[in-house]
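To keep things clear, I will list the structure first and then write my remarks on it.
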Amino acid sequence: MSVLDRFRLDGKRLLITGGSRGLGREMALACADVGADVILLGRDVESLNKTADDVRARGRQAFTIETDVGDMTQCQAACERALAEFGPIHILINNVGGRRQNIPTHEMPLETWRQLMDLNLTSTFLCTKLIGGAMLARGEGGRIINIASINSLVAGRKIEGRHYETAKAAVLQFTRALAADWAPHGITVNAILPGGFMTEPNQRWKKLHPEVVETFLQQIPMGKYGEPEDLGPLAVYLASDASRYMTGAGLVIDGGYTLW
Ligand SMILES: NC(=O)C1=CN([C@@H]2O[C@H](COP(=O)(O)OP(=O)(O)OC[C@H]3O[C@@H](n4cnc5c(N)ncnc54)[C@H](O)[C@@H]3O)[C@@H](O)[C@H]2O)C=CC1
Ligand SMILES: O=C(O)C(=O)C[C@H](O)C(=O)CO
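Counting in our numbering, the sequence shown runs from 1 upward without gaps.
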């Protein structure tokens with residue numbers, strides 16, 4: 001057996017939230033490249049179907065469920081449907097999230113705070129409870145990967161309203177605490193902490209608040225934003241047997257941003 005065999009995901013089924021574009025799409029395709037079938041949860045059906053077609057083009061099965069992951073009733077129904085129709089699920093990637101607004105804390109409506117917590121944190125809890133709970137019940141282990149952020153560790157510059165930093169820090173600590181609980185059951189729980197990647201939200205920031213992107217860029221030792229496909233190999237590592245002794249980790253991938 002070569003070391004590369006330990007990165008294979010043949011016979012495994014991945015559920016990923018928000019796989020229609022950006023980092024989620026790249027992680028889904030990377031896992032399909034090494035053998036996983038993929039269930040995609042998301043809002044944008046047209047682009048979700050495009051990712052599903054790209055998974056099938058790799059010889060793997062793909063299923064889509066249209067849902068708003070930020071709405072807890074819909075999120076729960078989607079997870080239950082995935083388990084009923086496409087289970088068992090061996091790998092869960094909680095990817096949906098984002099900052100959405102740049103609102104100073106003293107002006108932020110309570111509803112905005114709550115919505116962002118639901119989108120980034122509560123959806124991670126709920127999918128983990130349901131999909132991870134089914135892994136526990138099956139007793140064959142599993143892999144949970146939570147997409148946190150460097151903003152789990154440091155504050156965004158030229159940005160106000162710390163709902164996002166708070167939610168992503170909680171995603172990291174949820175990862176660490178749960179990893180301890182589920183380690184005896186062979187379920188690993190790890191987090192990826194991406195730095196800046198030029199996906200759609202950052203393209204929008206670039207137009208609306210170019211100073212945010214410019215300041216951020218100057219702070220990256222490698223001098224550039226990451227490419228979304230840079231996330232794929234890391235997701236495969238955490239999803240596969242290659243990472244079997246790693247749990248509770250928060251892996252930073254940021255071109256060195258958090259070094260300065
Ligand atoms: N792009 C970046 O620089 C960084 C991103 N992250 C995190 O990575 C994750 C992915 O980010 P990106 O790919 O950049 O974002 P994106 O906005 O390009 O992609 C998000 C995906 O989730 C889907 N989605 C968004 N809200 C949804 C909802 N309520 N219900 C269902 N689907 C929904 C979108 O349709 C899309 O497929 C997020 O959790 C984000 O916070 C963390 C650090 C840096
Ligand atoms: O979580 C995020 O999103 C980031 O850390 C990305 C930075 O805020 C960024 O890319 C600013 O342009």
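Note that the Cβ used here is the ideal one computed from N, Cα and C, for glycine as well. All values reported here derive from a predicted model rather than from experimental measurement.
Among the options, nearest to residue i - alpha-carbon criterion
i, options, result
"Ile-89", "Phe-63, Pro-233 and Ser-2", "Phe-63"
"Arg-8", "Ile-91, Gln-74 and Ile-65", "Ile-91"
"Asp-230", "Arg-13, Asp-5, Cys-31 and Val-3", "Cys-31"
"Ala-148", "Val-171, Thr-166 and Val-154", "Val-171"
"Ser-240", "Ser-2, Lys-12 and Met-1", "Lys-12"
"Thr-199", "Arg-6, Asp-5, Ser-20 and Ser-2", "Ser-20"
"Gly-132", "Asp-54, Ala-183, Leu-110 and Thr-105", "Ala-183"
"Gln-61", "Val-69, Thr-67, Gln-219 and Ala-52", "Ala-52"
"Leu-116", "Ile-220, Gly-141, Met-72 and Pro-221", "Met-72"
"Asp-37", "Gln-74, Gln-219, Trp-113 and Gly-87", "Gly-87"
"Ala-167", "Thr-122, Leu-23 and Leu-217", "Thr-122"
"Arg-217", "Gly-22, Trp-260 and Asp-181", "Per the sequence presented here, residue 217 reads as Leu, with Arg not at that position. Minimum Cα distance to Leu-217 is reached at Trp-260."
Alpha carbon of residue i to alpha carbon of residue j, nearest angstrom
i, j, result
"Gln-101", "Met-108", "9 Å"
"Ala-134", "Tyr-237", "22 Å"
"Glu-80", "Thr-258", "38 Å"
"Glu-46", "Pro-194", "26 Å"
"Ile-65", "Lys-207", "31 Å"
"Arg-162", "Leu-153", "12 Å"
"Arg-204", "Pro-210", "9 Å"
"Val-212", "Arg-157", "7 Å"
"Gly-139", "Arg-244", "16 Å"
"Met-246", "Gly-70", "29 Å"
"Asp-33", "Glu-111", "40 Å"
"Asp-118", "Met-1", "43 Å"
"Arg-43", "Ile-93", "16 Å"
"Gly-141", "His-185", "6 Å"
"Gly-223", "Thr-128", "35 Å"
"Arg-143", "Leu-126", "16 Å"
"Asn-190", "Glu-214", "30 Å"
"Glu-26", "Pro-228", "6 Å"
"Ala-57", "Ala-155", "40 Å"
"Asn-103", "Lys-50", "Correcting the residue identity first, residue 103 is Ile in this sequence and not Asn. Approximately 34 Å between the Cα atoms of the pair."
"Ala-78", "Thr-67", "7 Å"
"Leu-178", "Ala-169", "14 Å"
"Gly-59", "Gly-97", "29 Å"
"Gly-232", "Ala-84", "28 Å"
"Gly-22", "Asp-181", "31 Å"
"Gly-24", "Arg-114", "23 Å"
"Gln-74", "Gln-219", "39 Å"
"Arg-176", "Leu-48", "30 Å"
Residue j beta carbon less than 8 Å from that of residue i
i, j, result
"Ala-82", "Leu-29", "no"
"Leu-130", "Gln-76", "yes"
"Tyr-164", "Phe-197", "no"
"Ala-235", "Ile-145", "yes"
"Gly-18", "Asn-95", "yes"
"Ala-249", "Arg-6", "no"
"Leu-136", "Ile-192", "no"
"Pro-221", "Gly-255", "yes"
"Phe-174", "Thr-105", "no"
"Ile-150", "Val-252", "yes"
"Gly-35", "Asp-10", "yes"
Interface flag, residue i vs chain C, CB-CB below 8 Å
i, result
"Asn-202", "The chain labelled as chain C is not found in the depicted structure, where only one protein chain is given."
Inset, instruction - Mind listing, in chain order, the continuous alpha helix (DSSP H) runs of no fewer than 4 residues lying wholly within the stretch 179-226? - result: 200-208 and 210-218
Inset, instruction - Starting from the N-terminal side, write out each stretch of the alpha helix (DSSP H) that is 4 residues or longer and does not extend beyond the stretch 95-172. - result: 110-117, 123-127 and 133-138
Inset, instruction - Go through the stretch 28-96 residue by residue and report every complete run of the alpha helix (DSSP H) that reaches 4 residues or more, in order. - result: 45-56 and 72-86
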